[in-house]
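Participant:
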Amino acid sequence: MDKGIGIHIEGLSKRYGAGNTAVDALKEVNMSVAPGEVVGLVGPSGAGKSTLLKCLGAVIEPTQGRMTLGGEVIYDNGWKIPDLRMLRRDRIGFIFQAPYLIPFLDVTDNVALLPMLAGRPNGEARTRALELLRALDVAHRAKAQPSELSGGEQQRVSIARALANRPPVILADEPTAPLDSARALAVMRILNQMASQYQTAIIVVTHDEKIIPTFKRIYHIRDGRTFEEVGEGRSLE
Amino acid sequence: MISLAGRDILHSWSKFILTGLGLGLLIGVTFTMAGVYRGMVDDAKVLLNNSSADLWVVQKDTQGPYAESSSIHDDVYRGILGMPGVAQAANVTYLTMQVRKGAAFSPNSLPEGERGAGSLRESHNSDVRAMVVGFEPGQPGEPGYLVAGRRVTRTHYEAVADIKSGFALGDHIRIRRHNYIVVGLSRRMVSSGGDPMVFIPLKDAQEAQFLKDNDAIINERARTAANPALNRPGVPGLLNAIEAAQSSNHNVNAVLVRVAEGRSAEAVAQDIRRWKHLQVFTREQMEEILVAKLIATSAKQIGMFLVILTIVSAAIVAFIIYTMTLGKIREIAVLKLIGTRNRTIAGMILQQALGLGVIGFAVGKIAATIWGPAFPKYVLLEPGDAVRGFVIVMLVCTLASTLAIRAALKIDPATAIGG
Chain D
85 MDKGIGIHIE GLSKRYGAGN TAVDALKEVN MSVAPGEVVG LVGPSGAGKS TLLKCLGAVI
145 EPTQGRMTLG GEVIYDNGWK IPDLRMLRRD RIGFIFQAPY LIPFLDVTDN VALLPMLAGR
205 PNGEARTRAL ELLRALDVAH RAKAQPSELS GGEQQRVSIA RALANRPPVI LADEPTAPLD
265 SARALAVMRI LNQMASQYQT AIIVVTHDEK IIPTFKRIYH IRDGRTFEEV GEGRSLE
Chain R
113 MISLAGRDIL HSWSKFILTG LGLGLLIGVT FTMAGVYRGM VDDAKVLLNN SSADLWVVQK
173 DTQGPYAESS SIHDDVYRGI LGMPGVAQAA NVTYLTMQVR KGAAFSPNSL PEGERGAGSL
233 RESHNSDVRA MVVGFEPGQP GEPGYLVAGR RVTRTHYEAV ADIKSGFALG DHIRIRRHNY
293 IVVGLSRRMV SSGGDPMVFI PLKDAQEAQF LKDNDAIINE RARTAANPAL NRPGVPGLLN
353 AIEAAQSSNH NVNAVLVRVA EGRSAEAVAQ DIRRWKHLQV FTREQMEEIL VAKLIATSAK
413 QIGMFLVILT IVSAAIVAFI IYTMTLGKIR EIAVLKLIGT RNRTIAGMIL QQALGLGVIG
473 FAVGKIAATI WGPAFPKYVL LEPGDAVRGF VIVMLVCTLA STLAIRAALK IDPATAIGG
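Residue numbers (the working numbering), protein chains in the order written: chain D, 85 to 321; chain R, 113 to 531.
Now the structure itself:
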């Protein structure tokens, strides 16, 4: 297993339907993100961003191609991992457009749920959750219910949840869409800090003009194909 | 691992409790229906127990005295008493009728000592449906025990009433043409239909059951006198003898027999059937008639209600759990996306359904226990039924949750990701 690779995909394609009605949502997409790196995935609606995210997240199966996660081949014209649920739980973190916290769990348990699902003892899972909440500056709301948090706090808790099992890759689906500029930039600052601190490869799907200049590397996706571009890498400080 | 179901219940406990309360009231109705059936069976058994008989001798080719009418001569018991194996035999009559309290009563019609507090309540005229039992003191058929007052000691116009009738000691009640004073109260002395019993002396009961009213007697006498065959001028005393025969009745409904110790009730019954040409039922046969035949239709009716209520309860639980699950589509999608196993999600829904069932069962049991005694008929809530009810509620909740579990398992984790 090559620890120098966060996520690497080669020639990944996804076709919906068959025959005359077949649609190629992804056409031989190539992408590589190193541990500790935050890259942007930018494109207009219908370009294939969500399809690529779902393939990367092992939610839908690509039609062909090869995918490597943390140095291990997980897809090579077919899934190489028998339990995709376990793969998602242990090795992929998800951040959504809305925080989607579990409303009946408090902040700590929302974060601790993933390690618990992975079989960690409750005490250890909660200790890890509190560590992450401290790192994200929301430890003071550890016992609060999600409904008692502000939008920014909820998004930070969802970032902590994505990091809870120390996955090699985090997929963030428009995490700043509902936020104003200051909060959006704050979220990007946190993502960069976490990527660096936990050596996690983070792919941020976005069409948010406020944050696009902050990426050092951007993948544009159009008509199912990706094009790599060097970003401005504007400072977040 | 934390209990997702428990946390969800705690999070929305008020909704959960209110839903459980509604379901519980429905389960309470179901329990009560079962209790009504048990009460009917118990009433039938109580009727047999209270008669303290081993055999019921009734009119041939009838299933009397409770399920069908039966009429036999009141001297039959003497012949039965002489048969081997018979320890006691006594006449008894049963008549279900409306017994009036204090109606058309004249205090002067009673001896001086009995004009007590009861006569003060004369103005409260009310009807009570009761089974009037004619019995002989000290013989099978008399009330087993009293909770107040004394036994019937006079040969006429005294009564012992079941407490359920609402009569009190000293109350004056009217049965047919005569007034009776309530001298004793009994408990759980009811007919198979649940009507309270009123015990009066056998002779009074025979008169109440078989004697015609005054107008009918006068009319009958006029008809007899007008019949030249029965009113012959050359035969003095014939008309009087015929009239006397017409106005007296020597029938009873049954003879209750107590078998001597060590003798088989069935063997004694066989002898009576063979030599007396009467129908005889043992305790088991009488129970079969009362439980399997007399209340069979009511039992089926209640059974239908129970089935419908169970289906309605299942539908309500299914609907509630399904709705609650559909309200959590996004959360379930997120849980599935982050790697929660299907069995964890199914377990969460199942536990919630069972939790709802437990709340419903507790509320239902408490509600049935509270409102049961207020029912006019006896409602018997047996612990065994509660255990069976709990198991059925849990099974119903489990079945009802399958719909929601199916819906939850169909939720695509990709729903959590936009696009």
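Backbone N, C-alpha and C fix where the C-beta goes; we use that ideal spot for every residue, glycine too.
1. Output needed in chain order: residues of the stretch 492-507 of chain R with a Cβ under 8 Å from some Cβ in chain D.
2. Which of the three DSSP states, helix, strand or coil, is assigned to P308 (chain R)?
3. Find out if the Cβ-Cβ distance for the pair S298 (chain R), V259 (chain R) is shorter than 8 Å.
4. Residues of chain R with CB under 7 Å from K138 (chain D), in chain order?
5. Classify P230 (chain D): buried if its beta carbon has 16 or more other beta carbons within 10 angstroms, exposed otherwise.
6. Cβ closer than 7 Å: which chain R residues qualify as neighbours of I287 (chain D)?
7. List the residues of chain D whose Cβ lies closer than 7 Å to the Cβ of I450 (chain R), in chain order.
8. Measure the alpha-carbon distance for A171 (chain D) versus I450 (chain R) and round it to whole angstroms.
9. List the residues that DSSP assigns as beta-bridge partners of S116 (chain D).
10. Can you pull the chain D residues whose beta carbon is under 9 Å from the beta carbon of R119 (chain R), in chain order?
11. Roughly how many angstroms lie between the CA atoms of L137 (chain R) and A479 (chain R), to the nearest whole one?
12. Starting from the N-terminal side, write out each stretch of the beta strand (DSSP E) that is 3 residues or longer and does not extend beyond the stretch 246-313 of chain D.
13. Check whether chain R comes within 8 Å of A102 (chain D), counting only Cβ atoms and requiring the distance to be less than that.
14. Measuring only from the beta carbon, is N352 (chain R) closer than 7 Å to any heavy atom that is part of the ligand SAH?
15. Using a Cβ-Cβ distance cut-off of 8 Å, determine whether V446 (chain R) contacts chain D.
16. Taking the runs of the beta strand (DSSP E) that are 3 residues or longer, which of them lie wholly in the stretch 379-427 of chain R?
17. Return the CA-CA distance between G230 (chain R) and T265 (chain R), expressed in angstroms with no decimal places.
18. Examine chain R for any beta-carbon lying closer than 8 Å to the beta-carbon of V271 (chain D), and answer yes or no.
19. Tell me whether T144 (chain R) sits in a helix, a strand or coil according to DSSP, three-state version.
20. Output needed in chain order: residues of the stretch 293-304 of chain D with a Cβ under 7 Å from some Cβ in chain R.
21. Within 10 angstroms of its Cβ, does S360 (chain R) collect 16 or more other Cβ (buried), or is it exposed?
22. Would DSSP call E534 (chain R) helix, strand or coil?
23. With DSSP collapsed to three states, give me the class of V294 (chain R).
24. Whose C-alpha, out of R:K127, R:D120 and R:L368, is nearest the C-alpha of L159 (chain R)?
25. Which chain R residues are close to N206 (chain D), counting only those with a beta carbon under 8 Å from its beta carbon?
26. Assuming A201 (chain R) and I192 (chain R) are in contact, meaning their beta carbons sit under 8 Å apart, how far apart are those beta carbons, in whole angstroms?
27. Applying a beta-carbon distance threshold of less than 8 Å, which residues of chain D neighbour R442 (chain R)?
28. Less than 7 Å between C-beta atoms, sequence neighbours within five positions excluded: which residues of the same chain meet that for L515 (chain R)?
29. How should G101 (chain D) be labelled, buried or exposed, when 16 other C-beta atoms within 10 angstroms of its C-beta is the threshold for buried?
Facilitator: The short version:
1. none
2. strand
3. yes
4. A526 and I529
5. Within 10 angstroms of the beta-carbon of P230 (chain D) lie 16 or more other beta-carbons, which makes it buried.
6. What I287 (chain D) touches in chain R, judged by beta-carbon distance under 7 Å, is nothing: the nearest beta carbon there is about 12 Å away.
7. R172, R173, F178 and L198
8. The amino acid occupying residue 171 (chain D) in the given sequence is Leu; Ala does not appear at that position. L171 (chain D) and I450 (chain R): Cα-Cα distance of roughly 9 Å.
9. D:H92
10. I186, F188, L189, D190 and D193
11. Taking the straight line joining both Cα atoms gives about 7 Å.
12. Runs of the beta strand (DSSP E) spanning 3 or more residues and lying entirely within the stretch 246-313 of chain D occur at 253-257, 285-290 and 301-306, in chain order.
13. no
14. With respect to the ligand SAH, the structure offers nothing, as it holds no ligand at all.
15. With 8 Å as the cut-off, V446 (chain R) counts as an interface residue toward chain D.
16. 391-394
17. The pLDDT assigned to G230 (chain R) is 45, lower than 50, so where the model puts this residue is not dependable; a value taken from the coordinates is nonetheless given after this. Roughly 18 Å between the two C-alpha positions.
18. no
19. helix
20. none
21. exposed
22. Nothing in the structure corresponds to residue 534 (chain R), since chain R is present only between 113 and 531.
23. strand
24. R:L368
25. M113 and I114
26. 4 Å
27. Y184
28. Excluding its 5 nearest sequence neighbours in each direction, L515 (chain R) has C-beta neighbours in its own chain below 7 Å: A430 and Y434, listed in chain order.
29. exposed
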